[in-house]
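The block underneath contains the structure these notes are about, expressed in structure tokens.
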């Protein structure tokens, strides 16, 4: 079997045919028409299996059967087969997504689930921090303990939001992080309260407006895990608790 034939078989399987169905269909197009013996001689399908496979292909509308002795099979035209498989795929797609849409419309019960998401891995969290910062429209607090957690991309988006008129506050107990924050145009830099400076597992914190929050922790092995929420009651309440307990950022006018 050539690579091209293998790829064609795999493609037919993704369209819903079994391996034997795909082989028989391809084999019949190779010989034009033939008996089960003819098909089994050109494709790797036992003669005894060809009958059942051909019956299923006939039910799908992909081949025609001549009631002779022995029975002969002929595949439908390529364009007709293409249309049949396309319609089958579209019907299955519609059926699948109609079900998903139905369950989305169904009430979830008395409890409403808040959108609270968990992200693991430094690179993925970097991307999520940038996304959260980019969403800020009025006020933004970014806090980090480790210099590696203030990436170039994050520094750039902090300056961008400040230039757009967002009130941007950078917070860190680490001098290297504070020094870098101070070099960013338009960013106000603060130290966290003394009571929070001994936390050696904190990673990053992002507060955006009144309804967006991201918090991360860094384990001893350096791995980082974050939770975030936006446009939710959970986020709003958590922001209030953080600002009340940490005395930051400064009171808004």
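In the numbering used here, the protein residues as written are 9 to 261. By construction, the Cβ of each residue, glycine as well, lies at the ideal position given by its N, Cα and C atoms.
- Between residue 28 and residue 75, the C-beta gap is not smaller than 8 Å, which leaves the two residues out of contact.
- Here residue 78 has 43, 44, 45 as same chain residues with Cβ atoms under 8 Å from its own Cβ, once five neighbours each way along the sequence are excluded.
- Contact check for residue 41 against residue 68 fails: the beta carbons are separated by 8 Å or more.
- Residue 222 is not a Cβ neighbour of residue 250, given a cutoff of 8 Å.
- A Cβ-Cβ separation of about 4 Å places residue 238 in contact with residue 220 under the 8 Å criterion.
- Contact between residue 145 and residue 177 is absent: CB atoms are separated by about 15 Å, not below the 8 Å threshold.
- Distance from residue 171 to residue 194 at the Cβ level is roughly 6 Å; contact confirmed, criterion being Cβ atoms closer than 8 Å.
- Beyond the five residues adjoining it in sequence on each side, residue 96 comes within less than 7 Å, by CB distance, of 24 in the same chain, given in chain order.
- The beta carbon of residue 134 lies closer than 8 Å to those of 159, 161, 162 in the same chain, with the five residues before and after it left out.
- In the DSSP annotation of this structure, residue 209 is not part of any alpha helix (DSSP H), being labelled neither H nor E.
- Nearest C-alpha to residue 124 among 86, 235, 85: 235.
- A residue is called buried when at least 16 other Cβ atoms come within 10 angstroms of its Cβ; residue 36 meets this threshold and is buried.
- Separation of residue 13 and residue 53 (C-alpha to C-alpha, rounded to the nearest whole angstrom) is 15 Å.
- Where residue 57 is concerned, the enclosing alpha helix (DSSP H) starts and stops at 55 to 68.
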